[in-house]
Amino acid sequence: MMGGIGNAFLALWGALGLNAELMARYGPRILDGLWLTIELVALSVSAGFILAIPLALARVEGNRPLRALSSAFALFFRGTPLLAQTFLVYYGAGQFRAELETIGLWWFFREAYWCALLTFTFNTGAYQSEILRGAVQAIPRGQVEAARALGLRKAAIYRLVIVRQALLLALRPLGNELILMIKGSSIASVITVFELLGTTRLAFTRSFDFEVYLWAALLYLMLVEIVRRTWNIAERHLTRHLAARA
Amino acid sequence: MQDIVALLAFGPDGWGDELLAGTWLTIRLALATFPIGLAIGLAVALLKLSPSRWKRAAGNLYTTVFRGLPELLTIFIVYYGGQILLAKVVQIFAPQTNLQVSGFIAGMVALSLVVGAFSSEIFHAAIRGIAAGQTEAARALGLAPWQAFRLVVLPQLWRLALPGLSNNWLVLLKDTSLVSVIALTDLMRQTQIVVGATKQPFTFFALACAIYLMLSLLSSVLALRLEARANRGWTGGRG
Numbered sequence: 355m356m357g358g359i360g361n362a363f364l365a366l367w368g369a370l371g372l373n374a375e376l377m378a379r380y381g382p383r384i385l386d387g388l389w390l391t392i393e394l395v396a397l398s399v400s401a402g403f404i405l406a407i408p409l410a411l412a413r414v415e416g417n418r419p420l421r422a423l424s425s426a427f428a429l430f431f432r433g434t435p436l437l438a439q440t441f442l443v444y445y446g447a448g449q450f451r452a453e454l455e456t457i458g459l460w461w462f463f464r465e466a467y468w469c470a471l472l473t474f475t476f477n478t479g480a481y482q483s484e485i486l487r488g489a490v491q492a493i494p495r496g497q498v499e500a501a502r503a504l505g506l507r508k509a510a511i512y513r514l515v516i517v518r519q520a521l522l523l524a525l526r527p528l529g530n531e532l533i534l535m536i537k538g539s540s541i542a543s544v545i546t547v548f549e550l551l552g553t554t555r556l557a558f559t560r561s562f563d564f565e566v567y568l569w570a571a572l573l574y575l576m577l578v579e580i581v582r583r584t585w586n587i588a589e590r591h592l593t594r595h596l597a598a599r600a
Numbered sequence: 353m354q355d356i357v358a359l360l361a362f363g364p365d366g367w368g369d370e371l372l373a374g375t376w377l378t379i380r381l382a383l384a385t386f387p388i389g390l391a392i393g394l395a396v397a398l399l400k401l402s403p404s405r406w407k408r409a410a411g412n413l414y415t416t417v418f419r420g421l422p423e424l425l426t427i428f429i430v431y432y433g434g435q436i437l438l439a440k441v442v443q444i445f446a447p448q449t450n451l452q453v454s455g456f457i458a459g460m461v462a463l464s465l466v467v468g469a470f471s472s473e474i475f476h477a478a479i480r481g482i483a484a485g486q487t488e489a490a491r492a493l494g495l496a497p498w499q500a501f502r503l504v505v506l507p508q509l510w511r512l513a514l515p516g517l518s519n520n521w522l523v524l525l526k527d528t529s530l531v532s533v534i535a536l537t538d539l540m541r542q543t544q545i546v547v548g549a550t551k552q553p554f555t556f557f558a559l560a561c562a563i564y565l566m567l568s569l570l571s572s573v574l575a576l577r578l579e580a581r582a583n584r585g586w587t588g589g590r591g
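Going down the list, the protein sequences come from chains A and B. Read left to right, the first sequence gives residues 355 to 600 (our numbering). Read left to right, the second sequence gives residues 353 to 591 (our numbering).
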């Protein structure tokens, strides 16, 4: 059954004037790459979100050293290219191989996949912390003062007043960050992670058929458009109570 | 510490001049790309504001494609696609010659397509932020549509677009590092070469990061100055 569908697909592919043989050989591998891209993005963006919460809190509520530390983290990861960061982690770890082996972390830094995941998490964590900080600071001061006057403690003020409004404000920039990460994850291909662009480059170096790059372009555009449209629908749904005011 | 100083020396023994040359290429590439990107962005923004449905659709399609594609993929497509295209053109006119696409040109074209997509959004919003009454008043004074745009809208555009455009410049500065994959000897590629020779990857990639960070910070300071200048005499509230 599946084979039948596959053959019909390939026949259609050939009928459209596209390279059916190339598709039969590299199509499945590129699809595997697509899944790896989705996996990398999903893991790093969610881990980055968890990292961004304490980073943003340190910026808003922390004392001077905590604020400085969190700002420096954000400055470094937002002010330098993701490619340079990825090289710094993956190749840079090699300089400390002996030390890393002693503390038993070499297996982690030896693998391009883990290095890419770690770098992406730090990078998107830095961007997301800026988004969350901005959203928290956008809540009018009067609301926090009123909540304090009502006798609420800090944790309760966050839970009942700040977080639910700030997350709505952060929704759109977080969606943009997700899209930037889908695109940025292609950098993993440079350190031999075979995600979507990695498998595409492999197919190209073996077949020298430029068509594979156009398949990858189509897949990336589809992925980005699906996320963008879903996010728009979700945003409209979640902010429907604000529509009258907008 | 002594080692680092020796490694960074200029001349045949140190790597300081290699890194400086790479930094200079990075800056040149970004400076050459940005104005082209802005011109594309303004043209696409005008397409999006056109009364013709087809032109609007073309403008939106452009933005969707070049904002959605990973910058690295755009670079590959322009570089290899350009190679193939050039080979076909050469085949027609001078079958015996062998021309290569320059990495610099390919990087410049690819990155300006991306800058164009992102800045078209900023120009689009900025043009809409200038009250329609101003264009109407200019037309009522007898200015042609193009004159109304050039003399009334354009001078005010910068003030509104500047914050977004300076952000685009910062993104571009970082994106230039991607051209190192098509063998252009920018800061990133030079650093890789130095790492290959010195076997000190962490030291030199950290140094490259520091240089990028310095370029970013310097650009931010300049952008704030430009914004202050664009806002001079602007008291706000007059639409």
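Where a beta carbon is used, it is the ideal one built from N, C-alpha and C, also for glycine. If you're wondering where the values come from, they're calculated on a predicted model, not measured in any experiment.
- Non-local beta-carbon contacts of T475(A) in its own chain, meaning distances under 6 angstroms to residues more than five positions away in sequence, involve S398, A401, G402 in chain order.
- Counting only Cβ-Cβ distances below 9 angstroms, Y567(A) has contacts in chain B at L425, F428, I429, Y432, G433, in chain order.
- Taking all protein chains shown into account, A365(A) has fewer than 16 neighbouring C-beta atoms within 10 Å of its C-beta and is therefore exposed.
- Considering only L372(A), T434(A), L376(A), the residue with the shortest C-alpha distance to S561(A) is L376(A).
- Identification of residues in the stretch 547-578 of chain A having a C-beta nearer than 7 angstroms to some C-beta of chain B yields L551, F564, Y567, A570, A571, Y574, L575, V578, given in sequence order.
- Taking C-beta separations shorter than 7 angstroms and ignoring five residues to either side along the sequence, the partners of G434(B) in its chain run V453, A458, following chain order.
- The straight-line gap separating the alpha-carbon atoms of A422(A) and L409(A) is approximately 11 angstroms.
- If only uninterrupted alpha helix (DSSP H) runs of at least 4 residues are considered, those enclosed by the stretch 419-449 of chain B are 423-445.
- I427(B) is classed as buried because its beta carbon has at least 16 other beta carbons within 10 Å across all chains shown.
- Among the residues facing chain B, I541(A) is included, as its CB has a counterpart in that chain under 8 angstroms away.
- Counting C-beta pairs closer than 8 angstroms gives three or more between the stretch 580-591 of chain A and the stretch 522-530 of chain A, which meets the contact rule.
- Residues of chain A whose Cβ lies closer than 9 angstroms to the Cβ of G393(B) do not exist; the shortest such Cβ separation is about 18 angstroms.
- Between L525(B) and L424(B), the C-beta spacing is not below 8 angstroms.
- Residue-level contact by beta carbon holds for F441(A) and chain B, with a gap shorter than 8 angstroms.
- At a cut-off of 8 angstroms between beta carbons, P553(B) contacts chain A.
- Secondary structure of V453(B) (DSSP, three-state): coil.
- Residue I545(A) holds the alpha-carbon nearest to the alpha-carbon of W468(A) among G368(A), I545(A), L575(A), A362(A).
- In the same chain as V547(A), and ignoring 5 residues on each side of it, the C-beta atoms closer than 6 angstroms to its own belong to A466, Y467, A470, in chain order.
- For the stretch 497-579 of chain B, the full-length alpha helix (DSSP H) segments reaching 4 residues or more read 506-527, 539-550 along the chain.
- DSSP places I404(A) within a helical segment (H, G or I) once states are collapsed to three.
- The three-state secondary structure of Y444(A), taken from DSSP, is helix.
- Taking 8 angstroms as the CB threshold, P527(A) stays off the interface with chain B.
- Burial is judged here by how many other beta carbons sit within 10 angstroms of a residue's own beta carbon; N450(B) has fewer than 16 and is exposed.
- Counting other Cβ atoms within 10 Å of its Cβ, T550(B) stays below 16 and is therefore classed as exposed.
- If only complete runs of 4 or more residues are kept, the stretch 494-576 of chain A shows the alpha helix (DSSP H) at 495-503, 508-511, 517-538, 550-561, in order along the chain.
- Straight-line measurement puts the Cα of A396(A) at about 30 angstroms from the Cα of S518(B).
- Closer than 9 angstroms at the C-beta level to chain B, one finds these residues of the stretch 434-462 of chain A: T434, P435, L436, L437, A438, Q439, F441, L442, V443, Y444, Y445, G446, A447, G448, Q449, F450.
- The residue from L521(A), R464(A), N417(A) with its alpha-carbon nearest to that of A489(A) is L521(A).
- The Cβ of V517(A) sits no closer than 8 angstroms to any Cβ of chain B.
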